[in-house]
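Numbering (the numbering used here), first residue to last: 69 to 499. Notes follow once the structure below has been shown.
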Amino acid sequence: MSLLVVQLPARERLGGRAGTADDGAVRAGAGAALPAEWAFVLSDDGREVRQSGVAAVALLPRADQRVLVLAAADVAWHRIDIPKAPAPRLRAALAGVLEEALLDDAEALHLALAAGAAPGRAGWVAATDRARLAAALAALESPDAGSPPIDRIVAAAEPLAEGQARLGRFHGGSTGEGSDDTDTLRLTLAGPEGAVDLPLGGSLARTLVGDAAGTRWSATPAAAAAAERWLGAPVPAQAEAEALLAAAATGSDLRQFDLVPRHRGTRALREGWRLLGSPAWRPVRWGLAALVAVQLVGLNAHAWQQRQLLAERKARMDSLLREAHPGVRVVLDAPLQMQRETELLRGRAGRVGASDFEALLAAAAAGWPDGVGPASSVRFEPGRLTLAVPGWGEPQFQQFQQRLRAGGHAAEFASGQVSLVPPSSTRGGSR
């Protein structure tokens with residue numbers, strides 16, 4: 069599954085140190101403008117960089133998943149006891165708990181829980197400038213540019229779980245490699261105690277680093293030489309694209325509360341489709357394809373068997389018609405032709421059939437209701453006997469119909485007339 073990582077650069081500051089997990093200094097204002105071109109990293113599998121560079125929103129590469137990475141200096145982390153509150157009120161409850169620790173109005177900040185944080189226990193909460201983040205999402209998800217939505221928002225650095233080794237990364241500095249100017253370098257330090265981004269020019273960086281042993285260090289290529297001199301130890305160089313990809317893969321999703329996309333069902337469906345298209349689910353896709361193929365083959369085989377069975381039955385019916393009535397030359401509807409030929413033979417033999425006048429009249433006499441006189445007129449059509457009974461009402465017809473059912477006959481009653489049909493007729497009795 070392809071992954072596009074887009075970087076929101078750090079805001080320019082008028083001076084002073086960046087926000088930390090201790091002071092919560094996340095200030096809006098200066099440097100809130102968005103970049104005209106965005107730094108991006110494209111990966112086919114989320115582990116290896118395929119392409120990196122800068123581009124306008126409309127020219128960003130397409131990918132199955134899009135992640136926005138916030139600069140470490142723009143996110144402050146606070147460890148608090150997460151209040152027990154229902155989901156719709158959790159954000160307001162977090163703002164109430166953090167009110168004393170925030171230097172900005174809580175309504176101007178976007179708050180989000182780190183992975184593993186849950187109401188009722190201690191956990192980390194991220195705070196960042198809400199207006200700038202919302203503007204970045206609006207720019208990256210612009211319908212005019214045809215941009216798909218941002219699936220996740222992560223910070224370039226976040227607190228680590230207990231027992232994990234600290235991560236330290238040097239960045240910034242002069243554009244040329246091997247710069248000696250450590251005053252322009254910055255250090256991003258993350259560990260179980262929190263995450264912080266601060267300049268190397270003061271004593272605070274030395275104090276926070278303490279014993280450098282046990283910390284996994286890295287630096288951008290431009291800052292590697294100066295970082296080694298400051299640290300007094302080798303520092304592996306890591307390209308910014310690789311660092312962004314690593315943050316996108318491991319960072320907590322900060323797209324929460326009011327920044328969650330409204331169409332959650334569509335997003336979940338899209339995520340499921342992307343997951344199904346990933347290499348890890350290739351055996352499942354092959355299995356589903358094989359199952360569908362087997363079902364199609366099975367349905368076609370069953371349909372062919374049914375067609376063969378129907379053809380055999382029709383052939384037997386046609387053969388039976390020709391054997392019983394050799395005079396039939398062309399077979400169009402074997403059951404109907406068989407019935408007609410049988411009726412002709414019965415009539416020629418002088419036998420009374422169920423649809424003849426005598427049989428229907430006998431059935432009417434057997435079912436005649438009690439206490440009524442004879443019919444005033446009789447009319448017969450092939451397969452139907454109609455009797456005029458002007459004095460009948462609903463009780464008489466119900467009694468007549470009930471008695472006829474014993475012989476399988478059906479009756480209809482309307483406008484003072486009752487009609488009988490033989491048992492073989494499909495006509496049902498009705499009023």
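The C-beta atom is built at its ideal place from N, Cα and C for all residues, glycine as well. All values derive from a computational prediction rather than experimental measurement.
Residue range of the alpha helix (DSSP H) that includes residue i
i	result
R416	402 to 416
T318	308 to 318
L472	462 to 473
A482	Looking at the DSSP string, A482 is not in any alpha helix (DSSP H); the run it does join, the beta strand (DSSP E), is 478 to 482.
E426	425 to 435
A293	292 to 299
V165	155 to 166
A204	198 to 208
7 Å Cβ shell around residue i - same chain, five flanking residues per side excluded
i	result
A317	G114
T454	R447, Q485, S487
W444	A quick correction: the sequence has Ser, not Trp, at residue 444. So the qualifying residues of the chain are A456, P458.
G435	F468, R471, L472
G421	E411, R414, A427
Q464	P437, V440
V165	I148, P151
L312	V73, Q75, V109, V137
A174	A163, L166, E167
In DSSP terms, what residue i is bridged to
i	result
S120	V109
T283	For T283, which the question treats as bridged, DSSP gives no partner whatsoever.
Q75	A107, V137
A273	Partner(s): none; A273 has no beta bridge.
V222	V137
W192	R147
G236	L257, W285
L67	Given a span of 69 to 499 for the chain in the structure shown, any question on residue 67 remains unanswerable.
A305	A287
Span of the beta strand (DSSP E) around residue i
i	result
G262	262 to 267
S387	Where S387 is concerned, there is no enclosing beta strand (DSSP E), although the alpha helix (DSSP H) it sits in stretches over 350 to 392.
L456	Strictly speaking, residue 456 in this sequence is Ala, with Leu absent from that position. Unbroken beta strand (DSSP E) run through A456: 452 to 456.
E449	445 to 449
V486	485 to 489
Beta-carbon spacing of residue i, residue j below 7 Å
i	j	result
A273	F238	no
L268	W298	yes
L110	P129	yes
L138	L205	no
V303	A207	no
S423	P490	yes
A183	G191	no
D142	R198	no
G259	L228	yes
P329	P217	yes
G475	A431	yes
L389	Q407	no
A161	A153	yes
A224	A315	yes
Beta-carbon contacts of residue i that lie in its chain and below 6 Å, excluding the five residues immediately before and after
i	result
V74	W106, F108, L136
S120	V109, A309
Buried versus exposed, by CB contacts within 10 Å (16 or more), residue i
i	result
W145	buried
E167	exposed
D401	exposed
G262	buried
E462	exposed
Q133	buried
H370	exposed
A104	exposed
G236	buried
A202	exposed
E116	exposed
A222	It is worth fixing the name first, because residue 222 is Val in this sequence and not Ala. V222 comes out buried.
G345	exposed
L322	buried
S271	exposed
S210	exposed
R254	buried
Below-7 Å beta-carbon distance, residue i vs any chain D residue
i	result
F325	Any reference to chain D falls outside this structure, which holds one protein chain only.
Residues of its chain near residue i, where Cβ-Cβ distance is below 8 Å and the 5 sequence neighbours each way are ignored
i	result
W372	none
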